[in-house]
Structures are given as C-alpha cells and as structure tokens.
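J.:
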Amino acid sequence: KIDIEREQQLIESHDKIVFQFPLYWFSSPPLLKKWFDEVLTYGWAYGSKSGYKVAGKKVALALSAGIDEKAYSAEGTWRYTLKELTAPFELTFKYVRADYKFFYAYYGIELNASKERIEKSVPAYIDFIESL
10 KIDIEREQQL IESHDKIVFQ FPLYWFSSPP LLKKWFDEVL TYGWAYGSKS
60 GYKVAGKKVA LALSAGIDEK AYSAEGTWRY TLKELTAPFE LTFKYVRADY
110 KFFYAYYGIE LNASKERIEK SVPAYIDFIE SL
C-alpha cells in the first residue's frame, strides 16, 4: 500500500525528483503507474488553486532498458525511440507543471550487464543527476 500523504510530503520537500525504474514491457512497472495514479491527486498535483504542488520541480527519469539502444529507433527492431515511449511521462509532468528534464537510459542490461560495463556507466549517470 502506498502511503500517499508521506509520498506527497517527500515530493513537497524536494526540488529535484528522479524516477528510476526498469523499462517493463516498453513502459513502467505497474507499481510506478499505481504511484502516479494515487499520489498525483486532484487538488494536490493539479486542478485547483491550492494544487500544483509539483509545479516548478525538476523531474527526470532514469531507465534501464533490456535491449540495445539501436533497437529503439525508427529503423530499429521496435520502430519507436525511448523518447517516444516515455512521452506519457513527459505529458504527465507537463500537466502537473513540473520542469521535465528528460531521461537517462542504460541500454542492453538484459544482454550485457557486466560489473565493468555498469561501473563504466556511473560517471555519465552522476553527470546526469548533477545536471538537474
């Protein structure tokens, strides 16, 4: 069960929010969808003068994708880019007036998740977080 009040307090007390999750069937895991549905409520996140508690906060996604980056292109296996697949998140953040800062993606985790490769990705991820 999601503690909605606690989650909303956490959001209100931070200026930068990163949603980090594995891409799951070309979307987010079901629990994250549930979090959005339950936490981003009318009157708090949008829809009233006292709402929009997420407005102006820097928000980003950090994703791990099982397949390689080249598969996520118009010419690739799946014909959609990760930007296109994450458009519902971007629209949600715009709707609640958050400042969406794009995403960081770690591709190919299913095929090549060696310790060395993961460690090699750390500086780029740190740069992404620090750029928010």
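Residue numbers (our numbering): 10 to 141. Virtual Cβ for every residue (Gly too), placed ideally from N, Cα, C.
What is the DSSP secondary structure of Lys-62, reduced to helix, strand or coil?
T.: Coil, per DSSP.
J.: Where does the unbroken beta strand (DSSP E) through Ser-73 begin, and where does it stop?
T.: Run containing Ser-73: 67-73, per the beta strand (DSSP E) assignment.
J.: Who are the Cβ neighbours of Lys-43 in its own chain at under 8 Å, not counting the five residues just before and after it?
T.: Contacts found: Ile-11.
J.: Check whether the Cβ atoms of Pro-39 and Phe-30 lie closer than 8 Å to each other.
T.: No, Cβ-Cβ distance for Pro-39 and Phe-30 is not below 8 Å.
J.: What are the boundary residues of the alpha helix (DSSP H) that Lys-79 is part of?
T.: That residue, Lys-79, is in no alpha helix (DSSP H); it is neither H nor E in DSSP.
J.: My guess is that Leu-157 and Lys-67 are in contact by the Cβ rule of under 8 Å, so how many angstroms apart are they, rounded?
T.: The question about residue 157 has no answer here: the residues shown for the chain are numbered 10 through 141.
J.: For the beta strand (DSSP E) holding Asp-46, just list the boundary residues, first then last.
T.: Careful: Asp-46 lies outside any beta strand (DSSP E), inside the alpha helix (DSSP H) at 39-48.
J.: Quick one, are the C-beta atoms of Lys-62 and Ile-20 less than 8 Å apart?
T.: Cβ distance < 8 Å, so Lys-62 and Ile-20 count as in contact.
J.: Kindly indicate which residue of Gln-17, Ile-76 and Lys-129 has the alpha-carbon position closest to the one of Asp-46.
T.: Of the listed residues, the one whose Cα sits closest to Asp-46 is Gln-17.
J.: Would the segment 99-118 and the segment 48-62 be scored as touching if the rule is three or more Cβ pairs under 8 Å?
T.: Short answer: they touch.
J.: Do you know offhand how far Ala-114's Cα is from Ser-130's?
T.: If I take the Cα positions, the gap works out to 10 Å.
J.: Quick one: is Phe-98 buried, meaning 16 or more other Cβ sit within 10 Å of its Cβ, or exposed?
T.: With 16 or more other Cβ atoms within 10 Å, it is buried.
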